[in-house]
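Before any comments, here is the structure.
Residue numbers (the working numbering): 3 to 178.
In structure tokens form, the structure reads like this:
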């Protein structure tokens, strides 16, 4: 408790220290090591700790969300996502994406992805339009579109960047 209060004081979080029950004169006394030692070594219980379960659960769910995001980013990179695509959706810098690719053991890409053949483009269009209808995804829902692009990349063996580019072109041209 004392360590937390001292940490809060050092970081200018006076309100947080006060929310634990300390008053101004208590916090002033904690600035002196001898006074902090008196409290730390007291034989009498002078505080109690309670757990705020709502906050604990929120923090744990945040961790779950971070883990899911890491998994999605790794999947997208494995499927051939460009640095620009990862940056757009997840805010990673070029350096962060390069490090992630290195950790995943992905080869460094040089140049652009190949262009789709007419047959691949037609097949992709049919699969994509069918999937959009099946899932009831709005064309403006970019996150859902990215998920569809990832699924199509896996099933068709094409880089997701190529698929994403084609989807964007079709939407921009109003071909849907």
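Every residue gets a Cβ at the ideal spot worked out from N, C-alpha and C, and that includes glycine.
Residue 141: first and last residue of the uninterrupted alpha helix (DSSP H) it sits in: Per DSSP, residue 141 belongs to no alpha helix (DSSP H) and is neither H nor E.
Measuring CB to CB, does residue 7 end up less than 7 Å from residue 32? In terms of Cβ geometry, residue 7 and residue 32 form a close pair [threshold 7 Å].
In three-state terms, what does DSSP make of residue 130? Residue state, collapsed to three classes: helix.
May I ask you to verify whether the stretch 94-110 touches the stretch 132-152, counting CB pairs closer than 8 Å and requiring at least 3? With the cut-off at 8 Å, the stretch 94-110 and the stretch 132-152 do not touch.
Do you know how far the Cα of residue 150 is from the Cα of residue 157? If I take the Cα positions, the gap works out to 11 Å.
Count the other C-beta atoms from every protein chain shown that fall within 10 angstroms of the C-beta of residue 10, then say buried if there are 16 or more, exposed otherwise. Buried, by the Cβ-count rule.
In chain order, which alpha helix (DSSP H) runs of at least 4 residues are fully inside the stretch 37-82? Listed in chain order, the complete alpha helix (DSSP H) runs (minimum 4 residues) inside the stretch 37-82 are 55-80.
So the candidates are 148, 122 and 124; which of them puts its Cα closest to the Cα of residue 84? Comparing Cα positions, the closest option is 148.
In whole angstroms, what separates the C-alpha of residue 66 from that of residue 59? Whole-angstrom Cα-Cα distance: 11 Å.
Just to confirm the assignment, what range does the alpha helix (DSSP H) spanning residue 91 have? DSSP places residue 91 inside the alpha helix (DSSP H), whose first and last residues are 85-92.
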